[in-house]
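This report refers to the structure that appears directly beneath it.
Number of protein chains: 2
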Amino acid sequence: MRPGRPPVVDPARLPRAVTVYEVGPRDGLQNEASALPTAVKRAFVEDLAAAGLRWVEATSFVHPRWVPQLADAAELLAGLARAPDARYPVLVPNEKGLDRALAAGVDAVAVFAAATDGFSQRNQNAPVAEVMAGLRPVVERARAAGLWVRGYLSVCWGCPVDGAVAPAQVAALARDLVGLGVDAVSLGDTVGVATPGGVERVLDAVAVHAAPERLALHMHDTRGAALANCFAGLLWGVTTFDASAGGLGGCPYAPGASGNLDTCDLVHLLDGLGVATGVDVEAVRRAATRLVPYLGRPLPGRYSRAGAFRPAPG
Amino acid sequence: MRPGRPPVVDPARLPRAVTVYEVGPRDGLQNEASALPTAVKRAFVEDLAAAGLRWVEATSFVHPRWVPQLADAAELLAGLARAPDARYPVLVPNEKGLDRALAAGVDAVAVFAAATDGFSQRNQNAPVAEVMAGLRPVVERARAAGLWVRGYLSVCWGCPVDGAVAPAQVAALARDLVGLGVDAVSLGDTVGVATPGGVERVLDAVAVHAAPERLALHMHDTRGAALANCFAGLLWGVTTFDASAGGLGGCPYAPGASGNLDTCDLVHLLDGLGVATGVDVEAVRRAATRLVPYLGRPLPGRYSRAGAFRPAPG
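Chains as they are written, first to last, in this note's numbering: chain U, 1 to 314; chain R, 1001 to 1314.
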């Protein structure tokens, strides 16, 4: 360490292992214009689990009108070869979505709300309180059916409609989600505007209501700070990080919000820090690369483009 | 902070202000295939200084055969409108380059060496010791002429030829550069493989020989970790960070090593942390964007593509 200062990367402060929660097949693909064959998307999910990811958000039961790309959710799941130790949550917006998910035999779901009324109105056509009220029966029924439930909270560090977001506002909504009975809360930087100080301020505020083990960070790399924010979260004590293989996806309602964090970038950072993930970064890259012919463009993720560091002597 | 833990972003630990050392006009443009008009490159330098950057590495006196893009170094400098409080270092590889730089009336130069023999051989056609010996008269004469001198050390965290690099090896070479009389040492992650623990290990080793105030971090974003590494360096006590407007450039000798850190990404992080830079991030973005018609492709930098976070109510 620099003389007179505590170390920055204190091994005693880092967790030995963390969970990488893969969102590529759902959050990554949901905005893709060209429809991918169901078999290709299913193989993507299978490849990601085979790469060591234990949580792969597989698809969405949002109404097909809103996300046509994932209209084949039931069909995708029906043929899915499941790894015995992996979980495949699906996104459900409401009770109808939950009904479809239950009929498809899922054992984990994710619900979503925004941290601001402006974004909620734009994205879900209702203010946050109304969305939360609508989620109550969804979470209750999901829990009663024995499902694991995650709650997403978007625009926690800035909203494309309402601008700045107070950490206390995020904390109150995280408290509400925990009150509904969710097992985990994922805090999203949907427009990619956060920096480490803000990450810590939100975590500090949220931690009053939710145990750190229940929290996930979902950072976007829109302005390059996703890994700096994850590193700050890691030092703070977050143990679950969302990422999207290949850096696929973004947010359709937030202009310029391309830039999901590439799962490979995240695993590369964690590998370098000696924090175990169980994930084979190159296998994730191969999984994402197989989609390139269907996407019609290169992968947006940094590591996914560059590949592994392979010295070539001579 | 999380109960029972020290804060991650401790304001008492952050500097109030840091120096952003702009390398775009030199390191960014040197690999561009299409020749940019001298006036365009000169305006780029002027725009960057006008954006608040106090150090703008303006061009290179490497032999035009190696870097044809910057063959007009003397002409660029001759017409440059200089901000009174900005410095415009130029890269010089040897005494001939220094002669040309002195004839052009520069007041600051940068010399370079690699941290490994493999890269040195590939990049400078000589082992490191030979390069260092050749730099001695360059630094001595530059100092005697009253110039400020920076020493670049490349591949400090990994070499595309030799692979892993020991922190002690970097430290010994930093000591040698300081011994030659350089004012500052810039530590480069040329292939973009570093992560925060490795950044700290190298800084710890180098700090034995060089005061932290003399050190700069030159991180590449090849695998997305540049800002995480800068954030770690900031907490460690580094106060100078290299970056390239628009994320221009990379390393011609390191395959897949595209990905200079976008100056805008860096300033966005520092702005968010409340660390003063004096730099107007949007003015830097405009400066880089003006080059796009000449580059024939979008800017590679994250922030430079996305732009400022501008909420659009309603």
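Glycine included, C-beta positions come from ideal geometry on N, C-alpha and C. Nothing here was measured: the structure is a model prediction, and the numbers come from that model.
Cβ separation of residue i and residue j, assumed to be a contact under 8 Å, to the nearest whole Å
i, j, result
"residue 1051 (chain R)", "residue 1283 (chain R)", "4 Å"
"residue 191 (chain U)", "residue 146 (chain U)", "About 35 Å separates the two Cβ atoms, so there is no contact after all."
"residue 151 (chain U)", "residue 113 (chain U)", "7 Å"
"residue 1013 (chain R)", "residue 1227 (chain R)", "Actually they do not touch by this definition, with Cβ atoms about 17 Å apart."
Where residue i sits in the DSSP three-state scheme
i, result
"residue 147 (chain U)", "coil"
"residue 1033 (chain R)", "coil"
"residue 1241 (chain R)", "strand"
"residue 309 (chain U)", "coil"
"residue 229 (chain U)", "helix"
"residue 1204 (chain R)", "helix"
"residue 264 (chain U)", "helix"
"residue 1221 (chain R)", "coil"
"residue 1021 (chain R)", "strand"
"residue 61 (chain U)", "coil"
"residue 1175 (chain R)", "helix"
"residue 117 (chain U)", "helix"
"residue 236 (chain U)", "helix"
"residue 104 (chain U)", "coil"
"residue 191 (chain U)", "coil"
"residue 252 (chain U)", "Its pLDDT being 48, under 50, residue 252 (chain U) is placed unreliably in this model, and the value from its coordinates should be taken loosely. It is coil, neither helix nor strand."
"residue 153 (chain U)", "strand"
"residue 1303 (chain R)", "helix"
"residue 1163 (chain R)", "strand"
"residue 2 (chain U)", "coil"
"residue 39 (chain U)", "helix"
"residue 1028 (chain R)", "helix"
"residue 87 (chain U)", "strand"
"residue 276 (chain U)", "strand"
"residue 287 (chain U)", "helix"
Per-residue contacts from residue i into chain U (C-beta, under 9 Å)
i, result
"residue 1268 (chain R)", "193, 195, 223, 224, 225"
Chain U residues whose Cβ lies nearer than 7 Å to that of residue i
i, result
"residue 1237 (chain R)", "2, 5"
"residue 1176 (chain R)", "Result: empty, since nearest Cβ-Cβ is about 21 Å, beyond 7 Å."
Under 7 Å by beta carbon: chain R residues contacting residue i
i, result
"residue 262 (chain U)", "1224"
"residue 273 (chain U)", "1195, 1196, 1197"
Under 8 Å by beta carbon: chain U residues contacting residue i
i, result
"residue 1200 (chain R)", "1, 7, 8, 9"
"residue 1231 (chain R)", "196, 228, 231, 232"
Within chain R, the residues that residue i reaches when beta carbons sit closer than 8 Å
i, result
"residue 43 (chain U)", "Result: empty, since nearest Cβ-Cβ is about 25 Å, beyond 8 Å."
"residue 259 (chain U)", "1302, 1306"
"residue 203 (chain U)", "1002"
Cross-chain neighbours of residue i in chain R, by beta carbon under 9 Å
i, result
"residue 265 (chain U)", "1223, 1224, 1225"
**Study point:** chain R contacts made by the region 280 to 314 of chain U, where a contact means CB separation under 7 Å
**Key:** 302, 303, 306, 307, 309, 311, 312, 313
Review point. Between the region 1153 to 1166 of chain R and chain U, which residues of the former have a C-beta closer than 9 Å to a C-beta of the latter?
Key: 1158, 1159, 1160, 1161, 1162, 1163, 1164
Check your understanding: With a cut-off of 8 Å, do at least 3 Cβ pairs link the region 223 to 234 of chain U to the region 184 to 199 of chain U?
Key -> yes
**Study point:** Selection of the region 63 to 74 of chain U by Cβ proximity to chain R, strictly under 9 Å
**Key:** none
Exercise for review: Mind the definition here: the region 231 to 246 of chain U touches the region 1019 to 1026 of chain R only if three or more C-beta pairs lie below 8 Å; say whether that holds.
Suggested key: no
Check your understanding: At a Cβ cut of 7 Å, what residues of the region 4 to 23 of chain U count as close to chain R, listed as they run along the chain?
Key -> 5, 7, 8, 9
Exercise for review: Please determine if the region 4 to 17 of chain U and the region 62 to 79 of chain U are in contact, where contact requires at least 3 C-beta pairs separated by less than 8 Å.
Suggested key: no
Check your understanding: Which residues, in chain order, does the region 1205 to 1221 of chain R contribute to contact with chain U at a C-beta distance below 7 Å?
Key -> 1207, 1212, 1221
Review point. Taking contact to mean at least 3 C-beta pairs separated by less than 8 Å, is the region 261 to 270 of chain U in contact with the region 1182 to 1191 of chain R?
Key: no
Practice item. Identify each residue in the region 91 to 115 of chain U for which the Cβ-Cβ distance to at least one residue of chain R is less than 7 Å, and report them in chain order. Key: none
**Study point:** Cβ contact check for the region 75 to 83 of chain U and the region 119 to 127 of chain U: 3 or more pairs under 8 Å
**Key:** no
Practice item. Evaluate contact between the region 1160 to 1175 of chain R and the region 1133 to 1146 of chain R, counting only Cβ atoms and requiring at least three cross-stretch pairs below 8 Å. Key: no
Check your understanding: Does the region 1296 to 1305 of chain R come close enough to the region 1036 to 1055 of chain R that 3 or more CB-CB pairs lie under 8 Å?
Key -> no
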